[in-house]
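S.K.: Supplied in structure tokens, the structure appears directly below.
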Amino acid sequence: MPTLLLLAPFCDEHVDALREATGPGWAIERHWPADMSTPKAMCSGRYDLSDDELVAALERADAVIGEPALPLLRRAADEGSRLRLLQATWAGTDRYTRGDIAFPAGVSLCSTVGGFGQLISQYVLAQVLGLMQNLPAYRDRQRGASWEDLGAVGSLDGARVLVFGAGNIGGWVARRLRGFDCTVTGVCRDPSRPREGFDRLVTLDDAEAELAGADVVVGALPNTRSTSGWLDGRRLRLMGPGTVLVNVGRGSFVDCDALAGVLAAGGIRGAALDVTSPEPLPAGHPLWREPRCLITPHVSGGSFGRHRQTEDNICAICCGNLRALATGGPLRNLVPASAFELAPR
């Protein structure tokens, strides 16, 4: 009997939908995250069973939804797993593609790209508008009952926005900005393919020249060799003093040490980071004390326990791929072999 192993905290309604998507004859084995205290803890990769028990569960699974640790996945494969599909519940899959252990051959890896853009784009706009209107600084002064005018503000009306990543998240950001008459430039690998919401498209190689003219810079890129550390001190200093930076892709895109120095020197207006490198930042890192930097704990996308629409989106993608697995149809968000730094084996 084929088995679906659930390692994500889906609600009962979504489990029913997944059961229907597999079709008759499938068994569902469900394990909860070991720590259910916070939404972030739910996605920690630790479950209510030992490593050996999880390896055994992976061995008997035909499909898995969740994020089992790569070493355990590798162990199961080496011991004779029949796994065909690993469906992640995250948009990023770099824990599998950039690991120092080869991903198992014969297993399709799919992400849930497309599930998070709606909510993350709202986070981006909220942070940009808040920083432009000095709202974090006013909140700080409210605690001291200070009635102080903080002076000039920025505006999104007609702003020039540079979005690193023109996929689902970047596309949602671009479309949300239409009402502000912004000019939005997207950074992507293939600028020859039109993407809704963007006025222009450039490659990462050409993006450096766009920094000086940008009022807003948004990071929505995956973690790859070409994107890791790209926004370093030199490039941060190319941005103008009124620029707002928001990073919601991968923390590795922005050099946080360099950003702290640029903010302290007044090099840009402010920054909002939902992702950092390392994550979380060490307690003594200067960005924690920087008044023009807002840090949130990787929560902009919602996901389990935070936002029902995002959970619905994740479930819909998973259901579609389970149906495709059963019928031999194309899988959505299939990670290509070229993305793996170590060849699957």
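Heads up: take any position in the sequence shown, counting from 1, add 121, and you land on the numbering used here. Think of the CB as a built atom: it goes at the ideal place given N, C-alpha and C, for glycine as much as any other residue.
Per DSSP, which residues does Y244 bridge with? Please list them.
M.R.: Taking the first residue of the sequence shown as 1, we reach residue 244 at position 123. In the DSSP output, where bridge partners are listed per residue, Y244 has none listed.
S.K.: For the putative contact between P401 and P418, defined by C-beta atoms under 8 Å, what is the C-beta separation to the nearest angstrom?
M.R.: Within the sequence shown, residue 401 is the residue found at index 280, counting from 1. Within the sequence shown, residue 418 is the residue found at index 297, counting from 1. So it is a contact: roughly 7 Å between Cβ atoms.
S.K.: Going by the DSSP bridge assignment, what does A97 pair with across the sheet?
M.R.: With the chain covering only 122 through 466, there is no way to say anything about residue 97.
S.K.: Return the CA-CA distance between T306 and R196, expressed in angstroms with no decimal places.
M.R.: As a first step, residue 306 must be located in the sequence shown, where it is residue number 185. As a first step, residue 196 must be located in the sequence shown, where it is residue number 75. Using only the alpha carbons, I get a separation of about 44 Å.
S.K.: Using 8 Å as the threshold, is the C-beta distance between D378 and G350 below it?
M.R.: Reading the sequence shown from its first residue, position 257 is the one you call residue 378. Reading the sequence shown from its first residue, position 229 is the one you call residue 350. Not a contact, by the Cβ cut-off of 8 Å.
S.K.: Measuring alpha carbon to alpha carbon, tell me which residue in L204, E180, V323 and T233 is nearest C440.
M.R.: Within the sequence shown, the letter at position 319 stands for residue 440. Ranking the options by Cα distance to C440, first place goes to T233.
S.K.: For V249, tell me which candidate among R413, A330, E134 and R203 has the shortest Cα-Cα distance.
M.R.: Taking the sequence shown and counting its residues from 1, one reaches residue 249 at position 128. Among R413, A330, E134 and R203, the Cα nearest to that of V249 belongs to R413.
S.K.: Exposed or buried, Q208, counting other C-beta atoms within 10 Å across all chains shown (16 or more means buried)?
M.R.: Counted from its first residue, the sequence shown places residue 208 at position 87. Buried, since its Cβ has 16 or more Cβ neighbours within 10 Å.
S.K.: Return helix, strand or coil for R316, following the three-state DSSP convention.
M.R.: Translated into the one-based positions of the sequence shown, residue 316 becomes position 195. In the structure shown, R316 sits in coil (DSSP, three-state: anything other than H, G, I, E or B).
S.K.: Taking only three categories from DSSP, how would you classify C303?
M.R.: The residue given as residue 303 occupies position 182 in the sequence shown. Coil at C303, not helix or strand.
S.K.: Quick one: which unbroken alpha helix (DSSP H) runs of 4-plus residues sit fully inside the stretch 267-311? Chain order, please.
M.R.: 289-297
S.K.: Whole angstroms is fine: what's the gap from N454's alpha carbon to L443's?
M.R.: Taking the first residue of the sequence shown as 1, we reach residue 454 at position 333. Taking the first residue of the sequence shown as 1, we reach residue 443 at position 322. Between N454 and L443, the C-alpha separation is close to 13 Å.
S.K.: Is the CB-CB distance between L139 and V185 below 8 Å?
M.R.: Position 18 of the sequence shown, counted from the start, is the residue given in the question as residue 139. Position 64 of the sequence shown, counted from the start, is the residue given in the question as residue 185. No, these two residues do not count as a Cβ contact at 8 Å.
S.K.: In this structure, does DSSP put N368 in helix, strand or coil?
M.R.: Position 247 of the sequence shown, counted from the first residue, corresponds to residue 368. Strand at N368.
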